[in-house]
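Residue numbers (the working numbering), protein chains in the order written: chain A, 1 to 138; chain B, 139 to 276. Every residue, glycine too, gets a C-beta built ideally from N, C-alpha and C. Worksheet for the structure shown next.
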DNA sequence: ATGACCGATGATATAACATAACATCAGTAT
DNA sequence: ATACTGATGTTATGTTATATCATCGGTCAT
């Protein structure tokens, strides 16, 4: 059910693969410099290399940037061409990617005033996950 | 019509006033350092002073941060306790603040997965304003 | 009044995030 | 072989943000 996700893996460069793996393995959002630390052993050693790969991966829809965190996450859907929201636990940084239904996308785009024709929507929801919820603490 | 906007001006410190005026006069989003440049003449000369005032003003709902720009804008409503979206022209940086209807707020909060209880929603819509639209250019 | 305390502001220093600009290299078309 | 092109490596620097400690002004118990 749900076609559209059979990663044809749009052939990545070595750097892009390294960095995507890094993000996937981490399972949580990482800053560009956190990524850099983790891929040094693979021979990547300068910030621009990381940012270039991240930008390429974002163009391919395989990585998203969490604006409110200056951090990056691998797309949970392998790749998606774009309309999604994120929920982020402010305590533990857990991230849930929310694929937006067509009607939700439409509503969001509809929020734009006449004056500005919308191209891209960023939605980030901050809150507390169940594990971090106060009522759950000892 | 529409109560709730008769600014009782929740007494601001000198720094907060300076920085809020600066943002209001600018009419466009400014980075913290752009603000700093403009308030040096008023005796504010260090980044932490600016960030402190901005954080205080944000707590009061009188300033918002545009996450996708690392920039700050004065609240167009004087102050609001929080649910709004922004539309931003990617070419000229014009910003339109969109006060969200209750149903839109509800919808956005409803996007959050069970796993994360939402507290705050960031919505930023990037696009092109009429003035910057290609079809309008010579 | 004095001085102990406390919150706000000032100042220094540095951390964290991001990119401009140029060098080098691999592939390929001539 | 040479010249072009696009990707990657490298240096340097620009931009955004905060930790930390110092200082100042008010309040309050004595």
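- [ ] Kindly say whether residue 113/A, judged by its beta-carbon, lies nearer than 7 Å to any beta-carbon of chain B.
- [x] Look at residue 113/A: its C-beta is under 7 Å from a C-beta on chain B.
- [ ] Report the neighbours of residue 120/A on chain B: residues whose CB is nearer than 8 Å to its CB, in chain order.
- [x] 263, 264, 265, listed in chain order.
- [ ] Compute the beta-carbon to beta-carbon distance between residue 230/B and residue 265/B, rounded to the nearest angstrom, for a pair I have assumed lies under 8 Å.
- [x] By a beta-carbon distance limit of 8 Å, residue 230/B does not contact residue 265/B. Their separation comes to about 11 Å.
Open item on the list: With the cut-off set at 7 Å, would you say residue 195/B and residue 154/B are in Cβ contact?
Closed with: Yes, these two residues count as a Cβ contact at 7 Å.
- [ ] Find the residues of chain B that neighbour residue 117/A, judging by a C-beta separation of less than 9 Å, and give them in chain order.
- [x] The answer, in chain order, is 265, 266, 267, 268, 271.
TODO: State the beta-bridge partners of residue 118/A as determined by DSSP.
DONE: Looking at the DSSP assignment, residue 118/A forms a beta bridge with 265/B.
Task: Separation of residue 208/B from residue 21/A, as counted between CA atoms - done: Spanning the two alpha carbons is a distance of roughly 28 Å.
Task: Reduced DSSP secondary structure (H/G/I, E/B, other) of residue 69/A - done: Of the three classes helix, strand and coil, the one that applies to residue 69/A here is coil, per DSSP.
- [ ] On a CA-only basis, which of 247/B, 211/B, 254/B, 213/B is nearest residue 132/A? Give me that one, please.
- [x] Comparing Cα-Cα distances from residue 132/A to each of 247/B, 211/B, 254/B, 213/B, the minimum goes to 254/B.
Open item on the list: Please confirm whether residue 13/A has its beta-carbon closer than 7 Å to some beta-carbon of chain B.
Closed with: The Cβ of residue 13/A sits no closer than 7 Å to any Cβ of chain B.
Open item on the list: Measuring alpha carbon to alpha carbon, tell me which residue in 272/B, 245/B, 150/B, 267/B is nearest residue 123/A.
Closed with: The shortest Cα separation from residue 123/A among 272/B, 245/B, 150/B, 267/B belongs to 245/B.
Task: heavy atom of the ligand FAD below 6 Å from residue 267/B C-beta - done: With respect to the ligand FAD, the structure shown offers nothing to examine, as it has no ligands at all.
Task: Assumed close pair residue 111/A, residue 191/B - CB separation to whole angstroms, cut-off 8 Å - done: In this structure residue 111/A does not touch residue 191/B by the C-beta definition: roughly 29 Å separates them, more than the 8 Å allowed.
TODO: Note down the Cα distance separating residue 156/B from residue 182/B, rounded to an integer number of angstroms.
DONE: One alpha carbon belongs to residue 156/B, the other to residue 182/B, and they sit about 9 Å apart.
Task: Interface residues of chain B facing residue 107/A [CB-CB closer than 8 Å] - done: Identification of chain B residues near residue 107/A by a Cβ-Cβ cut-off of 8 Å yields 242, 245, ordered along the chain.
Open item on the list: So residue 53/A contacts chain B; which residues on that side make the cut at Cβ distance below 8 Å?
Closed with: Using a Cβ-Cβ cut-off of 8 Å, residue 53/A is close to nothing in chain B; its nearest Cβ partner there is about 21 Å away.
Task: residue 20/A - DSSP class collapsed to helix/strand/coil - done: DSSP places residue 20/A in helix when its eight states are reduced to three.
Open item on the list: DSSP three-state label for residue 132/A, please.
Closed with: Note: residue 132/A maps to helix in three-state DSSP.
- [ ] Measure from the C-beta of residue 173/B to each C-beta in chain A and report whether the shortest distance is under 7 Å.
- [x] No, its Cβ sits nowhere closer than 7 Å to a Cβ of chain A.
- [ ] Could you have a look at residue 35/A and say whether DSSP puts it in helix, strand or coil?
- [x] Collapsing the DSSP output to three states places residue 35/A in a helix.
TODO: Tell me, please, which residues DSSP counts as bridged to residue 98/A.
DONE: 85/A.
Open item on the list: Taking the alpha carbon of residue 72/A as the reference point, which residue from 114/A, 28/A, 102/A has its own alpha carbon closest?
Closed with: Out of 114/A, 28/A, 102/A, 28/A has the C-alpha closest to the C-alpha of residue 72/A.
Task: Straight-line gap, residue 235/B to residue 60/A (C-alpha atoms, nearest Å) - done: Going by the C-alpha atoms only, they are around 30 Å apart.
- [ ] Output, in chain order, the set of chain B residues within a Cβ distance shorter than 8 Å of residue 89/A.
- [x] Per Cβ cutoff of 8 Å: 254.
TODO: Alpha carbon to alpha carbon, how far is residue 95/A from residue 74/A? Give it in angstroms, no decimals.
DONE: The straight-line gap from Cα to Cα measures roughly 11 Å.
Task: Close beta carbons around residue 34/A, own chain, < 7 Å, minus the five adjacent residues each side - done: Non-local C-beta neighbours of residue 34/A in its own chain, meaning closer than 7 Å and more than five positions away in sequence, are absent.
TODO: Would you identify the three-state DSSP class for residue 30/A, choosing helix, strand or coil?
DONE: Assigned with DSSP and collapsed to three states, residue 30/A falls in strand.
- [ ] Check whether the Cβ of residue 217/B lies closer than 7 Å to any Cβ atom in chain A.
- [x] So, not an interface residue.
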